[in-house]
Amino acid sequence: MHDRQQTKTPRQSSHFGTQNIHSQINTVRPKKYLPSVFTSSTLVPLHLTVKNSETTGTMTTEVITYESDKQHLSKDSTVLEFGEKDGIRHVWVGNIICWKAKFTWNFDWKTLKSQGVDRLVGHLIVSNVDGKWKPHTINIDWTDPNQSISKFEEDPTFSDSHLVKFEYNLTAHYAELPPPEKISYDGMFLASDITDAILVVEGKKLNVNKTFLSVHSDYFKILFSEKFQEGQMKEIPLKGVSYEDFGLLLSSFYPNQQFPNDHTVEKLLEMASRFQVLSVIRIVEHHLLHHSKIRKEKMLSLADEYGMKQLLEKCVGRIDSMETVKKLKKSPEYEKLSVRTCRLIGERLLKIA
1362 MHDRQQTKTP RQSSHFGTQN IHSQINTVRP KKYLPSVFTS STLVPLHLTV KNSETTGTMT
1422 TEVITYESDK QHLSKDSTVL EFGEKDGIRH VWVGNIICWK AKFTWNFDWK TLKSQGVDRL
1482 VGHLIVSNVD GKWKPHTINI DWTDPNQSIS KFEEDPTFSD SHLVKFEYNL TAHYAELPPP
1542 EKISYDGMFL ASDITDAILV VEGKKLNVNK TFLSVHSDYF KILFSEKFQE GQMKEIPLKG
1602 VSYEDFGLLL SSFYPNQQFP NDHTVEKLLE MASRFQVLSV IRIVEHHLLH HSKIRKEKML
1662 SLADEYGMKQ LLEKCVGRID SMETVKKLKK SPEYEKLSVR TCRLIGERLL KIA
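Quick note on my numbering: the sequence shown kicks off at 1362 and runs consecutively.
Following this line, the structure appears as structure tokens:
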């Protein structure tokens, strides 16, 4: 795994040195913004790898596992353990009554419910560490976020003290969100008394306002400057971008703003990085922080790739065990992580060890 290297600045154009351009942009753009190639006749951005929108990592299920510490059970026992794992809280109560071990678990997964989980399916296993009884499995299929389980175990040894533990393996099923309705962007680009430029994307003419785009985008701020003849053309072609993707980007900060969702976040980040629209990256980061159900590994990868500091801190902070790291290492996103982020993960493990 290698840390990402900044794309090299190309040879200077006939207008003026790109080094000066990039020094202006670098003061405000995230570390993952890519520089653009400027020539005397065209403005061609260097492209990020195009990714299919269907690979945004929208999650339908997630496996949650937990194993308790060993606890001493006796006739005087009450609460054996309070615990929480990935949005599932539990209270484990137990004692011995007439040579029978009685256990009760109270589970609360309202946090997961609020995040879109509508069902938990799996099993719980309670066992005697010393092998005085066989492990007992309790099947689980829950839709109510408040659950209580009780279990009696016969004690063949007639002992008044036991060392016990339990574990669970649950699959969280997320309610499948329908894909967003297809939006027509044609109305955004109609000519009016405030439009003063025409962008041509896939043969379609988009009427825009130079000042408005320049305020939001460093790319267009430079393009529309007097130093570039492209920005003064009657019709300005934008190559290598689809009409739908460009419309999606602009709809994120145009009037009648469209907010990001899990189906659009990755494409929005790609487009915002290419056209240097910081505000859209911030909007996407807010969605990922507070509303997204994208896989944790995917979210960490996006935070790392697009320099979303708050999201990165949250993702690293959610790492609570070596088991979580092992799961991350098995994901396709792991090899793409920067050395810096891997170092943060290592520091996090040292804190929780």
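Each residue gets a CB set at the ideal place from its N, CA and C atoms; glycine is no exception.
Which residues DSSP lists as bridging residue i, in chain order
i: Asn-1467; result: Val-1452, Ser-1509
i: Lys-1566; result: Val-1561
i: Trp-1503; result: Leu-1481
i: Phe-1747; result: A question about residue 1747 goes unanswered here, because the residues of the chain that appear run from 1362 up to 1714.
i: Phe-1443; result: Val-1452
i: Ser-1522; result: Ser-1435
i: Glu-1596; result: Ile-1559
i: Thr-1532; result: Val-1424, Val-1482
i: Thr-1498; result: Ile-1486
Where the beta strand (DSSP E) through residue i begins and ends
i: Gly-1483; result: 1478 to 1489
i: Ser-1435; result: 1432 to 1435
i: Thr-1422; result: 1422 to 1428
Cβ-based neighbour list, residue i, same chain, cut-off 8 Å, excluding 5 preceding and 5 following
i: Gln-1618; result: Ser-1612
i: Leu-1599; result: Leu-1560, Val-1561, Val-1562, Phe-1607
Same chain only: Cβ atoms within 7 Å of residue i, ignoring 5 sequence neighbours per side
i: Leu-1630; result: Ile-1642, Val-1645, Leu-1663, Tyr-1667
i: Lys-1571; result: Asp-1557, Ala-1558, Phe-1585
i: Val-1490; result: Lys-1431, Leu-1524, Val-1525, Lys-1526
i: Lys-1675; result: Leu-1650
i: Gln-1671; result: Glu-1646, Leu-1650
i: His-1451; result: Gly-1444, Trp-1466, Asn-1467, Phe-1468
Range of the contiguous alpha helix (DSSP H) that encloses residue i
i: Ala-1633; result: 1626 to 1635
i: Ile-1642; result: 1639 to 1651
i: Phe-1581; result: 1579 to 1584
i: Tyr-1667; result: No alpha helix (DSSP H) holds Tyr-1667; DSSP gives it neither H nor E.
Cβ-heavy atom distance, residue i to the ligand MG, below 6 Å
i: Glu-1696; result: You won't find the ligand MG in this model; it holds no ligand whatsoever.
Residues near residue i in its chain [Cβ-Cβ closer than 6 Å; skip 5 each side]
i: His-1497; result: Val-1487
i: Trp-1494; result: Glu-1514
i: Tyr-1319; result: Nothing about residue 1319 can be read from this structure; the chain reaches only from 1362 to 1714.
i: Ala-1714; result: none
i: Val-1478; result: Ala-1533, Tyr-1535
i: Gly-1592; result: Leu-1584, Phe-1585
Rounded Cβ spacing between residue i and residue j (contact assumed at less than 8 Å)
i: Ile-1457; j: Leu-1434; result: 6 Å
i: Leu-1705; j: Val-1677; result: 5 Å
Between the region 1650 to 1657 and the region 1437 to 1446, are three or more C-beta pairs nearer than 8 Å?
no
Take every Cβ of the region 1548 to 1555, pair it with every Cβ of the region 1583 to 1600, and state whether three or more of those distances are shorter than 8 Å.
no
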